[in-house]
Amino acid sequence: MTREITYVQAVAEAIDEELARDDDVILFGEDVEEFGGNFGETEGLYQKHGRDRVRNTPLSEIGIAGMALGAAVGGIRPVAELQFADFAATAGDEVFNQIPKQPYVSGGKLKAPLTIFAPSGAGIGAGAQHSQSVHSWLGNVPGWVVVTATTPYDAKGLFKSAIRDDNPVFFLPHKMLSETKGEVPEEEYTLALGEAAVEEEGDDVTVVATQLMFHRAREATADLDIDVEIINPRTFAPLDTETIAESVRKTGRLVVVDETVERYGTQGHIANEIVENDFFSLDAPPKTIGVKNVPIPLSPPLEQEVLPSADRIAAGIESLF
Amino acid sequence: MTREITYVQAVAEAIDEELARDDDVILFGEDVEEFGGNFGETEGLYQKHGRDRVRNTPLSEIGIAGMALGAAVGGIRPVAELQFADFAATAGDEVFNQIPKQPYVSGGKLKAPLTIFAPSGAGIGAGAQHSQSVHSWLGNVPGWVVVTATTPYDAKGLFKSAIRDDNPVFFLPHKMLSETKGEVPEEEYTLALGEAAVEEEGDDVTVVATQLMFHRAREATADLDIDVEIINPRTFAPLDTETIAESVRKTGRLVVVDETVERYGTQGHIANEIVENDFFSLDAPPKTIGVKNVPIPLSPPLEQEVLPSADRIAAGIESLF
Amino acid sequence: MTQNVSVDDETARQFLEGMLRIDIFEEETKERFGEGEIPGFVHLSGGHEGSHIGMGAAMGDDDWLAVGGARLIGQYIAKGVPLPDIMAELYGRVGGSNKGHGGQMHVSDIGRKLYGHAATIGSGQNPAVGLALAEEIQETDNVAVTTIGDGGTSRGSFHTALVFAAYWDLPVVFVIENNEWAISTPAESLSPDHLSDYGIPHKMATESIDGSDVEAVYHTVSEAIERARNGGGPTVIESRVARLVPHFEGDKETYRDTDEYERLKEEKDPIENYRERLLERDIVTETGIEDMIANIETEVKEAVEFARESPEPEPEAAYDHVYRTPLYGQGENQ
Amino acid sequence: MTQNVSVDDETARQFLEGMLRIDIFEEETKERFGEGEIPGFVHLSGGHEGSHIGMGAAMGDDDWLAVGGARLIGQYIAKGVPLPDIMAELYGRVGGSNKGHGGQMHVSDIGRKLYGHAATIGSGQNPAVGLALAEEIQETDNVAVTTIGDGGTSRGSFHTALVFAAYWDLPVVFVIENNEWAISTPAESLSPDHLSDYGIPHKMATESIDGSDVEAVYHTVSEAIERARNGGGPTVIESRVARLVPHFEGDKETYRDTDEYERLKEEKDPIENYRERLLERDIVTETGIEDMIANIETEVKEAVEFARESPEPEPEAAYDHVYRTPLYGQGENQ
Ligand SMILES: Cc1ncc(C[n+]2csc(CCOP(=O)(O)OP(=O)(O)O)c2C)c(N)n1
Ligand SMILES: Cc1ncc(C[n+]2csc(CCOP(=O)(O)OP(=O)(O)O)c2C)c(N)n1
Ligand SMILES: [Mg+2]
Ligand SMILES: [Mg+2]
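What follows is the structure, given as structure tokens:
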């Protein structure tokens, strides 16, 4: 049995269920109480679980991330929101230098089972500092489990697993997908972290895409006379390269489309993993597509220009044949 | 005419000469006065140029980077030090969200001719938060000119250009190279930003390497019976892919070795640029070498394990034949 | 309770006119946003007009304003950015102050010494310290004024800016617009009696004033600027205002108490209060105000027309302004 | 000028012994580092011993210590981490507290509630707030004590931690070890009279004490902990000490005035002063002290032996502890 919910509802349900399931889980962040988050992602949680479990914080990402780290080490499972993924940098020392490294430098003796989540991605005219896709930054810092969500099904199942996982997890919903709808099981479920999903099977080309780009890739392939296999990596660190490689061994062609900036983004690395380790499975060089090396501009025609479009993806796929 | 100086002397000379040349240039950072920097990189400058031009700051990277941004917009050419490259994240909002983006979001009307420099890299047992190579983070954020230095010649010539450039430049010397020596011209010189240097010519394989990895690559190739062309990218953003591509068109083989973490590091992107745009120039898949996906551990055997060694580079090169 | 008018009549009228300009411009902005003509987020300044205009009037043309908080449009206007430049930027058009690259949160006008927001709350204060340093090095007597909201004062970046400004005794005036809310989080929950108290440990001059009174703001900021100009160092001012509008357009404000909200609208509307004050003292007449409004409405209408007629940027313009090229030495023969 | 001894004789002797343990351990560390046996950086605690031991003695075993500043080894010892665990970690060996992954800047011992430094100065205060929150949620009465240097207080992260601790009135004790220097930058240039004044706007309890007096530290931190334990909220303490050692081994300290340095060594050595105080009051005898020293020297020797004999990590150990695997759900059939 399934039912249809929106993507932000899925996010909220994941937190709701984990708050109900485990007393050690708490939620905090800016405006997570009555306001319910900028996209409705924490709506209703405060009313249900009360102010001890769901807490507005003062306006400081350093405070939020640093407190999450301490609380996690102290035996709690904090779920902490940053209002925009860009603010990973606003709590830069915590996010790059402290949280992912403290378990390692302790020789594994310290555990930091926290989850930070933050809406990422472009498309709503939010400008250069509220529109970035930061999984390239985070995935380049060993220690973070970096998880994205593409559908309500993903959002709920992956977020619940993120909260239960004993590693620091950075969970990245995409703000443009907030109101998209999808099926989720009636019953409780979780989805495995660290495993890519083959979302559509096909024989001709493997397209790796997540979040908004997954939907654009699907749109792009709808009209193509090419049998496309679409892989949603879900977790960007660690990366499940094996599922991608297996697919390319079948299709012989690879397109990687992602919303991170292309230079030292996710695309080149993913493509290179296949080239380097599965070279002879390739019938053509891979094609990578991302945000060209510019910040995200405000004006819609500019923003749409830099955000990979279905057309650009379609052209990328076709260029391999 | 040339003379031999050390790498940190080259850094100090670059600042010294630019302070002397241009009244708008000032230097600030933690312990840049009498102390002269952790590696001696600002030694003697305070005595010579005085406290108006060379200023110790309070201990805050946010303060340093934010003040540099404002001063640059206000018409000064600040040269600001962060004591370790890892602290790019400690001033995360300034480094990721503000400095590189403010010129862009202003529609080009605002100019931020600042230089931040920070010793990067591993090898001295400084641990996980004092040893990172961060040009993958910075290069993934459009707007920064990201420059590294491999020799005293580079250090001086590139740093001087960085200071003169009208963009925000992040200049990354490598701490392990501090005491290495090299020739620099007697006379004044600068080196072009944004241009890779062919450091050694060869016909069999192109090795892209910078900073400490350049020296290890050279060590690696000394005993190999392979004619290696070594390219030092110098600037990682924007990246001079053309010089690399030209070389690979000649050699047919590519090894990219860099000290950034491999996952979403520089290596995969650089290799992919060639694969995607110059596929048919390749006789073998490229080989990428970097820090495996771990933080830099303290203990020397662990640190040496994660830092690409000459042996690992040699093996990488040989694997292509 | 009648209040004195402490400025000359002409200045008083300018204050009223300035506040009305913000209000009318923003009402129009709200409409245009509602009609889908303006992309992105829109945050309005209702309740802050007195603080903005008082501050702007206290500043010299050559003093920097590094804007902060989320009530930005009023500050742009107070610093003298032409309305068409602002409106076209809200529209994301090439005629905008930032050619559409920035939008509502980022209007900047370096010629008028408006340093634009980086849109992360609390991002303007350290740059303001740098701007003040640049002025000092260039041996001017210009100062840097920087604004931040009550919410923003919780960020460490604000406190570090205080440390740096105090360290070199730089000419910076920190204005905290305390409107009691950071989106939905009440400033009341923060510990300080006054947010300007954050200046106390640094031994800075501090003031907490009724920021809905344009004249109070004008005098207090003027004094602080004067002090900074004369080498007296930084000041922290808390300008207490009411946020008489949603956080952003679309915010349902379920977190606010309706009665209290109504009371604030009654009591803390800087424009309404000042209007009455000037009318009572015959500094303006009803018709005088109507004329003002009519003129401003024309200005605003022209700004909208300008914005509408200004072309959308060409898509390729997205690739402009990332770097100033060529980079130093690039392309030269060495 | 004789000073009273305000603790019982046994406690007093433990204080002296504790400080001597730090001193002797560190003297040995310096030697071993000089001989090239210890990799990386070494920062010693000379002058801070009283602050460390007084603080450690005030804490319960179940209170968290989130260490900060650069004078760390003394704090590890004060929190009761066994000397061999520390020394082996300095050596980067598998027997070290962190299996050699961390080194001198990172000793952590979660069992003993020592939260290790992330080596960026000022990185411990927000985690300390989180640790206090965790204790509160778990309904214990444990508190979190966190240390930072004078230099570190300039970072915004420190101030944000004050905001958060005050916001929920959490049981956090902030101890600022003001040793007058951040590497080469004098604390004197900072504006506050006392760095504990940073607590004032937050209406926190604040204290500034002579941190070279172990008993003063003990009493002040005890009171603050007591207050926090009883729901009285956070305290900020400035513990004024002298840095009687270089910033790190190798620092030539050209920036210090020699006479002043000598004076400080004369006047502000917490061990020498306390030794004399206890001798004067016959709480210890010279031979008693000699015995103490001899015992500690044996302990330290054993720690060095342990460290030397502890194996170097296998290179592959570098890949351990990045993640706890399997990740949630990984490898399962869904
Ligand atoms: C660093 C950062 N955190 C969070 C946000 C999201 N945000 C935008 S405005 C705002 C509230 C700001 O409150 P305040 O500083 O009081 O300014 P006001 O909106 O009241 O003018 C928040 C949380 C942001 N833009 N930047
Ligand atoms: C964020 C950060 N900036 C700079 C450094 C480099 N650094 C290490 S110790 C130190 C000085 C610290 O001074 P203080 O806080 O007074 O502590 P003390 O050394 O006096 O114990 C500096 C600048 C660092 N480790 N972290
Ligand atoms: Mg506010
Ligand atoms: Mg100090």
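Chains as they are written, first to last, in numbering that gives the first Met the number 0: chain A, 0 to 320; chain B, 0 to 320; chain C, 0 to 333; chain D, 0 to 333.
Built from N, CA and C at the ideal position, the CB exists for glycine as well.
Please name the residue in the options whose C-alpha comes closest to that of residue i.
i: residue 143 of chain C; options: C:151, C:314, C:153, C:129; result: C:129
i: residue 92 of chain B; options: D:155, D:319, D:162; result: D:155
i: residue 146 of chain B; options: B:291, B:259, B:10, B:236; result: B:236
i: residue 186 of chain C; options: C:166, C:153, C:211; result: C:153
i: residue 4 of chain B; options: B:299, B:155, B:212; result: B:155
i: residue 132 of chain C; options: C:41, C:301, C:62; result: C:62
i: residue 115 of chain B; options: B:200, B:68, B:238, B:103; result: B:68
i: residue 70 of chain A; options: D:76, D:136, D:70; result: D:136
Among residues of its own chain, excluding the 5 on either side of residue i, which ones have a beta-carbon nearer than 6 Å to its beta-carbon?
i: residue 243 of chain D; result: 45, 46, 264
i: residue 150 of chain A; result: 181
i: residue 108 of chain D; result: 80, 96
i: residue 220 of chain B; result: 227
i: residue 54 of chain A; result: 27
Does DSSP put residue i in a helix, in a strand, or in coil?
i: residue 199 of chain A; result: strand
i: residue 257 of chain B; result: strand
i: residue 119 of chain A; result: strand
i: residue 267 of chain C; result: coil
i: residue 185 of chain A; result: coil
i: residue 38 of chain B; result: coil
i: residue 209 of chain D; result: strand
i: residue 84 of chain D; result: helix
i: residue 173 of chain A; result: strand
i: residue 110 of chain D; result: helix
i: residue 238 of chain D; result: strand
i: residue 226 of chain D; result: helix
i: residue 151 of chain B; result: helix
i: residue 248 of chain C; result: coil
To the nearest angstrom, how far is the alpha carbon of residue i from that of residue j?
i: residue 297 of chain C; j: residue 268 of chain B; result: 54 Å
i: residue 109 of chain A; j: residue 137 of chain A; result: 20 Å
i: residue 295 of chain B; j: residue 149 of chain D; result: 28 Å
i: residue 39 of chain A; j: residue 188 of chain A; result: 22 Å
i: residue 23 of chain D; j: residue 62 of chain B; result: 38 Å
i: residue 113 of chain B; j: residue 197 of chain B; result: 28 Å
i: residue 148 of chain B; j: residue 131 of chain A; result: 29 Å
i: residue 301 of chain A; j: residue 231 of chain B; result: 34 Å
i: residue 65 of chain D; j: residue 202 of chain C; result: 29 Å
i: residue 25 of chain C; j: residue 106 of chain C; result: 15 Å
i: residue 134 of chain B; j: residue 189 of chain D; result: 33 Å
i: residue 262 of chain D; j: residue 249 of chain D; result: 22 Å
Using a 10 Å radius around the Cβ and a threshold of 16 neighbouring Cβ atoms, would you call residue i buried or exposed?
i: residue 334 of chain C; result: Within the shown structure, residues of chain C are numbered from 0 to 333, placing residue 334 of chain C beyond reach of any answer.
i: residue 146 of chain C; result: buried
i: residue 84 of chain D; result: buried
If you drop the 5 nearest sequence neighbours on each side, which residues of the same chain put their C-beta closer than 7 Å to that of residue i?
i: residue 318 of chain B; result: 286
i: residue 248 of chain B; result: 277, 280
i: residue 203 of chain B; result: 225, 226, 227, 250, 252
i: residue 73 of chain D; result: 21, 44, 47, 48, 51
For residue i, I'd like the list of residues in its chain whose CB is within less than 8 Å of its CB, leaving aside the five on either flank, ordered along the chain.
i: residue 111 of chain D; result: 60, 78, 79, 80
i: residue 299 of chain B; result: 124
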